[in-house]
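Under mature numbering (1 follows the signal peptide of the UniProt record, and there is no 0), residues -21 to -1, 1 to 163 are what the sequence shown spells out, in order.
Glycine included, C-beta positions come from ideal geometry on N, C-alpha and C.
Source: prediction; values computed, not measured.
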Amino acid sequence: MRQLALILAVLGLAGCGSEAAAQLPAPAGAVEGAQQAGQFSVDPAHDRLWRADGKSARTGSEPTAVALLDGGMRVAVLCGRERVLEVYDARTLKRLGRTGAGIGPVDLTTDGAQLAYVTDVKGDALLVFHLRPRFELVRRVHVIGGPYAIRFDKSRLSITLSKTGRTVEYVASSRPVLQAAARH
């Protein structure tokens, strides 16, 4: 009898959290201008990564941001509806990696080399990913105020907070540290 109860419990829970991408809630938002980086752009309506020469690749659901990695050899794509960050080879457009990107990812920037940063407005977080030794999330930094837009500038990350409209700055590294108090 206990074995039957266990089997029924497992069957009852099967599939929990395994919605198809189309069934997931809409992306938390999209930052104006984030859909283009260098010769690449994303098309959220058709789930495509486009290169200026007309070649394209299918992405996850509703890509909302794109940025270059590894000196332009790799392309990072943030897919808002699926809440994933994907990495593509810039030459072949082959997808090289894919990992979860929080509960409300909105914007993406990179250091142009090995680090990618994603703002998670619903999770109040800055997510840090590295490309090597393997593509993965390496840090989650709590950022109160709904981090929304993000920009990389030399050694600094500027993050706009959706709840206040203020901007905070962090040292850009694999361990971002708050650099300055919020400003208008």
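Residue state for Gly33 is assigned as coil, using DSSP reduced to three classes. The continuous beta strand (DSSP E) containing Ala95 extends over residues Leu94 to Asp99.
Under the DSSP assignment, Gly50 falls outside any beta strand (DSSP E); it carries neither an H nor an E label.
Counting along the chain, Ser137 sits inside the beta strand (DSSP E) bounded by residues Arg135 to Leu140. Ile138 is the residue among Arg119, Val117, Lys133 and Ile138 whose C-alpha sits nearest the C-alpha of Tyr127. The C-beta of Glu65 has 16 or more other C-beta atoms within 10 Å across all chains shown, which makes the residue buried. Contact between Leu106 and Ala46 does not hold, since their C-beta atoms are separated by about 13 Å, which reaches or exceeds 8 Å. In the same chain as Lys34, and ignoring 5 residues on each side of it, the C-beta atoms closer than 7 Å to its own belong to Leu72, in chain order. Following the DSSP letters along the chain, one finds Glu65 inside the beta strand (DSSP E) bounded by residues Val63 to Asp68.
For Thr143, no beta strand (DSSP E) encloses it, and the DSSP letter there is neither H nor E. Judged by DSSP in its simplified three-state form, Ser152 adopts coil rather than helix or strand. Closest in C-alpha terms to Ala44, from the list Gln93, Arg62 and Ala31, comes Arg62.
Ile129 carries a strand assignment under DSSP once its states are collapsed to helix, strand and coil. Leu157 is classed as exposed because its beta carbon has fewer than 16 other beta carbons within 10 Å across all chains shown. Secondary structure at Phe108: strand, using DSSP grouped into helix, strand and coil. Counting only the Cα atoms, Ala31 lies some 19 Å from Glu41. A distance of 8 Å or more separates the beta carbons of Gly102 and Ile129. Per DSSP, reduced to three states, the secondary structure at Asp22 is strand.
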